[in-house]
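Residues in the sequence shown are numbered consecutively from -6, following the numbering used here. This report refers to the structure that appears directly beneath it.
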Amino acid sequence: SVLPPNSTPIPGFCRAVGGPTATSSSLPGYPPSQGCLVFAASPGLLLCKMCEELGLGQPLVEIYYSHTRPDGFLHFTYMVHIPKMSKTFKGMVKILPGPNALKEAETAAAQQVLERIRNLAAGTPAHHLQF
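What follows is the structure in structure tokens.
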């Protein structure tokens, strides 16, 4: 479906109308003290725990619905800011439509950010990382 341009983010995600969504939070539903098994299954929890352990502050996440492709995938753009890092991570994820599309987009964004942090850390000596 073709969506009209809308510069004002609308809270929530309504699949019936395909309206944009925006959230800004510390990855909702991810309390800081959970068992290690949950971290393995949840990139969002792992990202929060990693930031907590390194003293970087809780990640602040903004996710916006971007568009729906003809193949049915929902595209979301994201920005993840980690307070004590000098970098804001930006990207796009695509998710199949469903009742948990926003949650899945948050999970996919956290997974991408974790991978980017891992790649950043792998290519940079620890004493040069900017936290």
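Ideal Cβ placement from N, Cα and C applies to all residues, glycine included. Note that the coordinates shown come from a computational prediction; the quantities given were computed from them, not determined experimentally.
{"Check": "Which residues DSSP lists as bridging Tyr72, in chain order", "Outcome": "The displayed chain sequence assigns Met, not Tyr, to residue 72. BP columns for Met72 point to Glu55, Lys83."}
{"Check": "Top-ranked residue by Cα proximity to Leu38, from Lys80, Asn112, Val106, His60", "Outcome": "Val106"}
{"Check": "Exposure label - Pro36; buried when at least 16 CB within 10 Å", "Outcome": "buried"}
{"Check": "Pairwise C-alpha distance: Lys42 and Gly28", "Outcome": "Low confidence applies to Gly28: its pLDDT is 45, below 50, so where it sits in the model is not reliable enough to give any reading."}
{"Check": "Glu99 burial status per 10 Å Cβ neighbour count (16 or more: buried)", "Outcome": "buried"}
{"Check": "Reference Tyr71, options Gly116, Ile110, Tyr58, closest by Cα", "Outcome": "Tyr58"}
{"Check": "Buried/exposed call for Leu89, threshold 16 Cβ in 10 Å", "Outcome": "exposed"}
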